[in-house]
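Undergrad: In terms of mature numbering (1 follows the signal peptide of the UniProt record, and there is no 0), the sequence shown is residues -21 to -1, 1 to 156.
A single structure is presented below for examination.
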Amino acid sequence: MRLAPFILACALGLSGCSATSDDPAFSPLLDLIERRLAVADVVALHKWDNAQPVQATEREQAIIAAVRNAAPGHGLDPARAAAFFHDQIEANKLVQYARLSQWQLAGAAPALPRHDLQRIIRPRLDDLQTDLLHQLASFDQTRSRQCARKLALALAQRQGDALHRAGMIRATGQLCD
């Protein structure tokens, strides 16, 4: 298994750095989505170490409820925010399932630093949730009629391994709807 792309994705996600796109309408939102997807790798490590399932229905429901409640404060329709975050959750699960499968094949997870789920990972995800809502509202105010085409171009310009690129596509599945 090639660890360099995985380590880079984790480092970028945890450091707050990300690749940029040439389209300024998409860059801030896609940067945040990439950061959230990078956290999925760290969550997968936690779940591997603690023999926890990827599916966390109660946690997902709590996130969606929190997003619905916060949406009006960002000028967003609660249904729009919920659909967007549903896509974020599904993209993160895609990354987690893929990583766990890779590690099962390899017989071990990579020897990378672990981060506490409650004290480090979830607060980071909560901060990203607020930032994502803000950027989604900003994006919606400037969305063009050619959104789907421009999104495809912006995604094609992004760097990252095949798994995270697929995650980005999943995470933006309803962005232009």
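No residue lacks a Cβ here, since even glycine has one placed at the ideal position from N, Cα and C.
(1) Give me the Cβ distance between V74 and L9, rounded to the nearest whole Å; I'm assuming they're in contact under 8 Å.
(2) With DSSP collapsed to three states, give me the class of H94.
(3) Given this structure, state the Cα-to-Cα distance separating D95 from R124, to the nearest angstrom.
(4) Identify whether G146 lies in helix, strand or coil by the three-state DSSP scheme.
(5) For the stretch 29 to 40 and the stretch 82 to 95, state whether three or more C-beta atom pairs, one from each stretch, are separated by less than 8 Å.
(6) Identify, in the order they occur along the chain, each residue of the same chain with its Cβ nearer than 8 Å to the Cβ of L111, setting aside the five sequence neighbours on each side.
(7) If you draw a straight line from the C-alpha of P51 to the C-alpha of R38, how long is it?
(8) Would you call D156 buried or exposed, if buried means 16 or more other Cβ atoms sit within 10 Å of its Cβ?
(9) Straight-line CA distance for residue 157 to A49?
(10) Compute the Euclidean distance between the alpha carbons of D20 and R78, then round it to the nearest angstrom.
(11) What residue range does the alpha helix (DSSP H) around T121 cover?
TA: In short:
(1) Numbered from 1 along the sequence shown, position 95 holds the residue referred to as residue 74. Numbered from 1 along the sequence shown, position 30 holds the residue referred to as residue 9. Between L9 and V74 the Cβ distance is about 16 Å, and since that is not below 8 Å, they are no contact.
(2) As a first step, residue 94 is located in the sequence shown; it is residue number 115 there, counting from the start. Here H94 sits in coil by DSSP.
(3) As a first step, residue 95 must be located in the sequence shown, where it is residue number 116. As a first step, residue 124 must be located in the sequence shown, where it is residue number 145. C-alpha separation (whole angstroms): 43 Å.
(4) Mapped onto the sequence shown, residue 146 falls at position 167. Here G146 sits in helix by DSSP.
(5) no
(6) If you number the sequence shown from 1, residue 111 lands on position 132. Taken in chain order, the residues that qualify are L8, L11, I12, R15, F63, F64, Q67.
(7) Position 72 of the sequence shown, counted from the first residue, corresponds to residue 51. Position 59 of the sequence shown, counted from the first residue, corresponds to residue 38. Roughly 21 Å separates the two Cα atoms.
(8) As a working note, residue 156 is residue 177 in the sequence shown. Per the 10 Å Cβ criterion, exposed.
(9) The chain is shown from -21 up to 156; residue 157 falls before or after that span and cannot be answered.
(10) Within the sequence shown, numbered from 1, the residue matching residue 20 stands at position 41. Within the sequence shown, numbered from 1, the residue matching residue 78 stands at position 99. Rounded to whole angstroms, D20 to R78 spans 7 Å at the Cα level.
(11) The residue labelled residue 121 in the question sits at position 142 within the sequence shown. Counting along the chain, the alpha helix (DSSP H) containing T121 begins and ends at 101 to 121.
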